[in-house]
Amino acid sequence: ETGVTQSPTHLIKTRGQQVTLRCSSQSGHNTVSWYQQALGQGPQFIFQYYREEENGRGNFPPRFSGLQFPNYSSELNVNALELDDSALYLCASSLVGKSYEQYFGPGTRLTVT
Amino acid sequence: GENVEQHPSTLSVQEGDSAVIKCTYSDSASNYFPWYKQELGKRPQLIIDIRSNVGEKKDQRIAVTLNKTAKHFSLHITETQPEDSAVYFCAASKTDKLIFGTGTRLQVFP
Numbered sequence: 009e010t011g012v013t014q015s016p017t018h019l020i021k022t023r024g025q026q027v028t029l030r031c032s033s034q035s036g037h038n039t040v041s042w043y044q045q046a047l048g049q050g051p052q053f054i055f056q057y058y059r060e061e062e063n064g065r066g067n068f069p070p071r072f073s074g075l076q077f078p079n080y081s082s083e084l085n086v087n088a089l090e091l092d093d094s095a096l097y098l099c100a101s102s103l104v105g106k107s108y109e110q111y112f113g114p115g116t117r118l119t120v121t
Numbered sequence: 031g032e033n034v035e036q037h038p039s040t041l042s043v044q045e046g047d048s049a050v051i052k053c054t055y056s057d058s059a060s061n062y063f064p065w066y067k068q069e070l071g072k073r074p075q076l077i078i079d080i081r082s083n084v085g086e087k088k089d090q091r092i093a094v095t096l097n098k099t100a101k102h103f104s105l106h107i108t109e110t111q112p113e114d115s116a117v118y119f120c121a122a123s124k125t126d127k128l129i130f131g132t133g134t135r136l137q138v139f140p
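Listed in order, the protein sequences are those of chains A and B.
Just so we're on the same page, the working numbering is the position in the first sequence counted from 1, plus 8.
Just so we're on the same page, the working numbering is the position in the second sequence counted from 1, plus 30.
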């Protein structure tokens, strides 16, 4: 096991609502990245946090936002949910300077109805 | 932006045979190429990776090769076993942002 945990495991929301997903990084890892994995596709990079600041962002709108806390845990917030936001949301932790090796959590399955 | 293409999308082999999955990347500045295995309903697991200063890397039955000139890299699995059945993703990166391929569903039949 990699030590990266995520909560909740599953979540059902209605279009227009807001959601917060949580991630606890592997011990010693100071960088967290969030990915969206739609069914049958590869993970898509949302953004990365290092030292509590956003450190890179993919092609996702501003209604996707995040936070990283001093203990390296992290949140992904999505406002104004759309049906296409239904996906598996994965966080991955890594150690800056450790050759980009990223270890994924089990993911949160979000369904928007 | 960076793009990673992966082939084939599905691959069926007999137990004991070899399997090869190929990826092509577009950004010549990419310097890190991991492979992930994802079983149904589970997290992607890093199985092997290679950096741009190395042409080949092996770990037991798994090997990865990199051709920087052609911007190709491949995963080779020898002596396949039923437990190798999963979806495999390649990725490319020049920073901590991973760009993934579309995945290959590998089925190993006993």
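Even for Gly, the Cβ is constructed at its ideal location relative to N, Cα and C.
Nothing here was measured: the structure is a model prediction, and the numbers come from that model.
- prompt: Which residues of chain A have a Cβ atom closer than 7 angstroms to the Cβ of Phe-103 of chain B, listed in chain order?
  reply: By Cβ distance, chain A contributes nothing, its closest Cβ being about 15 angstroms from Phe-103 of chain B, past 7 angstroms.
- prompt: Grouping DSSP H, G and I as helix and E and B as strand, with all else coil, what is Asp-79 of chain B?
  reply: Here Asp-79 of chain B sits in strand by DSSP.
message: I need the straight-line Cα distance from Pro-16 of chain A to Ala-100 of chain B, nearest angstrom please.
response: 42 angstroms
- request: Indicate whether at least one CB of chain B lies closer than 8 angstroms to the CB of Cys-31 of chain A.
  value: no
field: Local Cβ density within 10 Å of Leu-70 of chain B, reported as buried at 16 or more and exposed below that
entry: exposed
task: Quick one: list the residues of chain B neighbouring Gln-56 of chain A, beta-carbon separation under 9 angstroms, in chain order.
output: Thr-125, Asp-126, Lys-127
field: Asp-93 of chain A in three-state terms, based on DSSP
entry: helix
Chain A contact residues for Leu-96 of chain B, given Cβ-Cβ distances below 9 angstroms: What Leu-96 of chain B touches in chain A: nothing, since even the nearest Cβ is about 15 angstroms away.
task: Output, in chain order, the set of chain B residues within a Cβ distance shorter than 8 angstroms of Ser-73 of chain A.
output: Under the 8 angstroms cutoff, chain B gives no residues; its nearest Cβ is about 17 angstroms from Ser-73 of chain A.
message: Going by the DSSP bridge assignment, what does Arg-71 of chain A pair with across the sheet?
response: Per DSSP, none; premise fails for Arg-71 of chain A.
- request: Please go through the same chain and pick out, in chain order, the residues whose beta-carbon is closer than 6 angstroms to the beta-carbon of Gly-66 of chain A, but skip the five residues on each side of it.
  value: Phe-53, Ile-54
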